[in-house]
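Going by my numbering, the residue at position 466 of the sequence shown is 849; the numbering climbs one at a time, nothing skipped.
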Amino acid sequence: MKKFFNLKNIQKSLPIIVLIISIIVLTLIKVPYFDYNFSGEHEMKYSAYVEPAINMVEERDPFFYQQQYSANPIENDQGISEELPQLPILQWMLAGSFETFQDNSIEVNTRIVMHVIGIITLIFFFLSIKELSNNIIASISTLFLSTNSIFGLSTFVTVYDSFILMTLFISLYFLTLYIKQRSPLHFLTISVIIAGIGVSAKISLLVYLAPIVAILILFKSPSVKTKIFDSTIYIIFLIIPYIATTLAIPNISTQTNQSILIIISTIILSIFLGRILNIKKQNILKILENLHRKKYLIPGTIIIGIILLGFLIPIIISQAPTAEFLTDSKLIFNPYVYFEITKQFVRNITIPVALLSILGLFTLPFFKSRDIKIMTTSFLIAGIIFVIVASKSIFFHDYYTVFLMSASIILAGVGISFILQKYQNLPTYLLITVLIILFVLIPNTYQTQERISMQQEGLEEAVEYLKKNTEKGDYYIDEAQATYFSLYANRFRLDDISTLEDEQFKKDVQNLGFAEAMDKYGIKYLITFGDEPEYVRYANIFSDEDLKRPSYRRSDLILSRVQPDEHRYFEDKDLREEIIYEENLRKSFEFQKEFGNFRFFTFK
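1) Enumerate, from N- to C-terminal direction, the unbroken alpha helix (DSSP H) stretches of 4 or more residues contained entirely within the segment 915-983.
2) Closer than 8 Å is the cut-off here; do at least three beta carbon pairs connect the segment 449-469 with the segment 424-441?
3) Thinking Y871 and V892 are a contact (beta carbons under 8 Å), I'd like their distance in whole angstroms, please.
4) Who are N894's beta bridge partners in DSSP?
5) Excluding sequence positions up to five away, which residues of its chain have a Cβ less than 7 Å from the Cβ of N438?
6) Out of curiosity, what's the CA-to-CA distance linking L588 and F974?
7) Where Q807 and P398 are concerned, what is the direct C-alpha to C-alpha distance, given to the nearest angstrom?
8) Quick one: what's got a C-beta closer than 8 Å to T639's C-beta in the same chain, skipping five residues either side?
9) What runs of the alpha helix (DSSP H), each 4 residues or longer, lie entirely inside the segment 781-831?
10) From which residue to which residue does the beta strand (DSSP E) around K907 run?
11) Check whether the Cβ atoms of L505 and L528 lie closer than 8 Å to each other.
12) Quick one: grab the DSSP three-state call for L470.
13) Please list the terminal residues of the continuous alpha helix (DSSP H) segment that includes Y859.
14) Unbroken alpha helix (DSSP H) runs of length 4 or more, entirely within the segment 429-486: which are they?
15) Taking DSSP's pairing of strands, which residues face R876 in a bridge?
16) Tell me the DSSP bridge mates of T985?
17) At which residues does the alpha helix (DSSP H) containing Q641 begin and terminate?
18) Is it buried or exposed, R730, if we count other Cβ atoms within 10 angstroms and call 16 or more buried?
19) Near I645, what residues of its chain come up, given a Cβ to Cβ distance below 8 Å and the 5 sequence neighbours on each side ignored?
20) Quick one: grab the DSSP three-state call for N531.
21) Between the alpha carbons of G796 and L818, how many angstroms are there, rounded?
22) Do V736 and S774 have their CB atoms nearer than 8 Å?
23) State the DSSP-derived secondary structure class of R565, mapped to helix, strand or coil.
24) Rounded to a whole number of angstroms, what is the C-alpha to C-alpha distance between T831 and M788?
25) Which residues in the same chain as E966 place their Cβ atom closer than 6 Å to its Cβ, once the five residues preceding and following it in sequence are excluded?
26) Considering D613, what are the terminal residues of the alpha helix (DSSP H) in which it resides?
27) Output yes or no for whether 8 Å exceeds the beta carbon distance between F508 and T525.
28) Comparing alpha-carbon positions, which option in S574, I562 and G841 lies nearest S554?
29) Mind checking I994: buried by the 16 CB within 10 Å criterion, or exposed?
30) Assuming V770 and I724 are in contact, meaning their beta carbons sit under 8 Å apart, how far apart are those beta carbons, in whole angstroms?
31) Taking Cβ positions, are T559 and E514 nearer each other than 8 Å?
32) Between the Cα of S532 and those of F728, I767, F983 and R494, spot the shortest distance and give me the residue it belongs to.
33) Measure the Cβ-Cβ separation of Y908 and F984 and say whether it is below 8 Å.
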């Protein structure tokens with residue numbers, strides 16, 4: 384018994400035990416809620432990915448892409464996309480689960496897929512942090528991640544950020560193996576290809592991935608020639624799958640043979656190029672060494688790098704949803720935005736972990752291990768860059784902070800590791816364990832369960848009411864972000880009211896009347912959580928002027944929330960109020976039914 388409780392034996396067996404415990408804890412937290420409906424937090428993401436997956440199965444076509452929740456009666460009345468908007472790996476995984484486990488509900492199958500992603504992420508998070516630092520930091524960080532509410536949410540709701548987080552840590556694991564061993568080269572190519580798949584699925588991964596990889600190669604690759612070799616290989620194999628999927632995936636439903644040929648050719652090219660580089664690696668390194676001796680290597684690399692960046696950056700920006708994702712001049716230097724994001728972040732990571740992160744940051748200089756400093760710095764810099772670049776998305780979507788969350792959790796692990804190194808005895812280990820359980824794991828578990836168990840009361844009754852009083856093909860205006868009605872009621876959802884500001888629709892309102900125009904386009908109900916509809920959103924329909932569209936302008940909306948005295952989302956609100964009064968717009972909407980928070984209005 385005494386031998387079993389020996390500190391060295393505990394340290395030796397601790398990592399694998401903690402990893403298993405982390406997986407079990409994550410599972411126990413989420414399994415009770417697998418069959419809950421989709422009306423919880425960030426519910427739009429279910430419609431965004433579950434809907435297309437269901438339609439793929441029903442149409443027996445993996446390239447059929449229909450999103451009823453984003454249809455509109457004027458431009459795309461069925462919500463069918465001729466082009467795939469991205470590499471639909473998550474949709475295919477969901478479709479596979481629906482087809483394979485037909486006896487399960489779509490909710491259970493969806494949560495199983497997301498949970499598997501979460502488990503794989505935990506495993507490779509542990510493995511990569513272990514290779515980059517030590518067992519203690521990896522173990523504590525993994526345990527913290529398993530109970531973190533944002534990680535729990537992002538591996539419960541169908542958000543792509545969980546998938547690309549998984550690809551990030553799988554990629555980093557193989558990269559660390561290559562950097563430590565310097566062979567075989569296929570570790571590096573596997574790392575980059577996996578990262579390329581993640582970037583192809585969602586380009587925002589690149590913002591977080593690039594700084595981490597750059598810092599690891601810069602500080603852990605042994606010489607100038609190997610740094611340039613590793614970086615070049617990384618860029619080449621990152622570009623290949625990205626370009627291939629960009630060319631092949633969007634048109635695969637209409638140009639199937641051509642797209643499949645591109646994908647097959649890319650796979651063959653990657654294998655062939657990987658084998659050639661592996662064979663010629665030493666020769667290439669000798670050439671780079673000769674160039675370095677002649678003082679050509681670094682200037683040449685800088686010039687090629689500038690040319691490459693000048694070529695790639697416009698392509699990357701053009702692929703990113705800049706209006707929704709990338710920051711802009713209105714936000715980037717606004718301290719109020721970052722203050723709100725910081726409050727949001729601390730609330731989600733909890734104060735104890737935030738304090739431990741600060742402890743880790745301050746103790747970092749005292750670690751002798753260069754590897755720990757490099758790893759922590761790379762994640763921290765990547766997290767800060769991501770917060771600045773993606774502030775628009777982070778402000779509205781908590782799950783976007785999962786990247787910065789991982790950096791903070793690693794720092795917390797560093798802080799605890801520092802204490803354990805100073806006091807290496809069993810009582811200290813036991814005390815730290817008890818404190819972690821009481822102040823981190825238990826509160827985080829409750830917070831995670833609270834988030835994933837959120838549901839709207841009255842949903843079933845509201846869905847039945849909509850189905851009973853409408854026909855397939857009819858629309859509802861969604862002011863409640865109740866995207867799940869399109870999924871459960873099989874009705875089309877209209878969210879962007881600017882669609883109704885089309886000149887033809889405005890003419891129909893003038894010639895036929897408001898209710899008659901709505902009926903012409905099959906718009907039967909407005910669903911809201913408010914006591915009344917947001918009348919200002921409809922003023923432009925009745926205006927002779929072309930008022931500013933009420934579409935989702937994220938920068939303006941953020942500023943109106945963080946500085947309400949200085950910024951207004953509708954700068955022309957007074958004019959809109961006049962139109963509402965003159966047109967007696969309030970009488971154009973008639974209350975019908977209420978189910979829980981859902982309030983149904985018709986038009987007259």
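The C-beta atom is built at its ideal place from N, Cα and C for all residues, glycine as well.
Once the coordinates are examined:
1) 937-945 and 956-965, all fully within the segment 915-983.
2) Touching, per the Cβ criterion.
3) Within the sequence shown, the letter at position 488 stands for residue 871. Within the sequence shown, the letter at position 509 stands for residue 892. Incorrect: roughly 30 Å between the Cβ atoms, too far for contact.
4) Taking the first residue of the sequence shown as position 1, residue 894 is located at position 511. Bridge partners of N894: none, in fact.
5) Counted from its first residue, the sequence shown places residue 438 at position 55. Excluding sequence neighbours, N438 sits near F447 and Q449.
6) Numbered from 1 along the sequence shown, position 205 holds the residue referred to as residue 588. Numbered from 1 along the sequence shown, position 591 holds the residue referred to as residue 974. Taking the straight line from one Cα to the other gives about 45 Å.
7) Residue mapping note: residue 807 aligns to position 424 of the sequence shown, counting from 1. Residue mapping note: residue 398 aligns to position 15 of the sequence shown, counting from 1. Approximately 17 Å between the Cα atoms of the pair.
8) Along the sequence shown, read from residue 1 onward, the residue named residue 639 stands at position 256. In chain order, F446 place their CB closer than 8 Å to the CB of T639, counting only its own chain and leaving out the 5 sequence neighbours on each side.
9) 785-805 and 809-819
10) Within the sequence shown, residue 907 is the residue found at index 524, counting from 1. Run containing K907: I906 to T911, per the beta strand (DSSP E) assignment.
11) For the purposes of this step, residue 505 is taken as residue 122 along the sequence shown, with counting starting at 1. For the purposes of this step, residue 528 is taken as residue 145 along the sequence shown, with counting starting at 1. Contact flag set, yes.
12) Here residue 470 is taken as the residue at index 87 of the sequence shown, counted from 1. Three-state result, L470: coil.
13) As a working mapping, residue 859 is identified with position 476 in the sequence shown. Here Y859 belongs to no alpha helix (DSSP H); instead the beta strand (DSSP E) covers Y858 to D861.
14) 472-483
15) Translated into the one-based positions of the sequence shown, residue 876 becomes position 493. In the DSSP output, where bridge partners are listed per residue, R876 has Y859.
16) What you label residue 985 is simply residue 602 of the sequence shown in a count that begins at 1. T985 is bridged to E973.
17) By 1-based counting over the sequence shown, the position of residue 641 is 258. From DSSP, the alpha helix (DSSP H) with Q641 extends over T639 to R676.
18) The residue labelled residue 730 in the question sits at position 347 within the sequence shown. Under this definition R730 is an exposed residue.
19) For the purposes of this step, residue 645 is taken as residue 262 along the sequence shown, with counting starting at 1. Answer for I645: A627, L630 and A631, listed in chain order.
20) The residue labelled residue 531 in the question sits at position 148 within the sequence shown. Looking at N531 - three-state DSSP - the assignment turns out to be coil, as it is neither helix nor strand.
21) Position 413 of the sequence shown, counting from 1, holds the residue named residue 796. Position 435 of the sequence shown, counting from 1, holds the residue named residue 818. If you take the alpha carbons of G796 and L818, they lie about 14 Å apart.
22) Position 353 of the sequence shown, counted from the first residue, corresponds to residue 736. Position 391 of the sequence shown, counted from the first residue, corresponds to residue 774. A distance of 8 Å or more separates the beta carbons of V736 and S774.
23) Position 182 of the sequence shown, counted from the first residue, corresponds to residue 565. Of the three classes helix, strand and coil, the one that applies to R565 here is coil, per DSSP.
24) In the sequence shown, residue 831 corresponds to position 448, counting from 1. In the sequence shown, residue 788 corresponds to position 405, counting from 1. So the alpha carbons of these two residues sit roughly 14 Å apart.
25) Here residue 966 refers to the residue found at position 583 of the sequence shown. Same-chain partners within the cutoff: F925.
26) In the sequence shown, counting from the first residue as 1, residue 613 sits at position 230. That run of the alpha helix (DSSP H) goes V607 to A631.
27) Counting from 1 along the sequence shown, the entry for residue 508 is found at position 125. Counting from 1 along the sequence shown, the entry for residue 525 is found at position 142. Their beta carbons are under 8 Å apart, which means F508 touches T525 by this criterion.
28) The residue given as residue 554 occupies position 171 in the sequence shown. Nearest of S574, I562 and G841 to S554, Cα basis: S574.
29) With the chain covering only 384 through 987, there is no way to say anything about residue 994.
30) Taking the first residue of the sequence shown as 1, we reach residue 770 at position 387. Taking the first residue of the sequence shown as 1, we reach residue 724 at position 341. About 6 Å; that satisfies the 8 Å criterion.
31) Here residue 559 is taken as the residue at index 176 of the sequence shown, counted from 1. Here residue 514 is taken as the residue at index 131 of the sequence shown, counted from 1. Cβ atoms of T559 and E514: closer than 8 Å.
32) Taking the first residue of the sequence shown as position 1, residue 532 is located at position 149. Ranking F728, I767, F983 and R494 by Cα distance to S532 puts F728 first.
33) Taking the first residue of the sequence shown as 1, we reach residue 908 at position 525. Taking the first residue of the sequence shown as 1, we reach residue 984 at position 601. In contact: Y908 and F984 (Cβ atoms closer than 8 Å).
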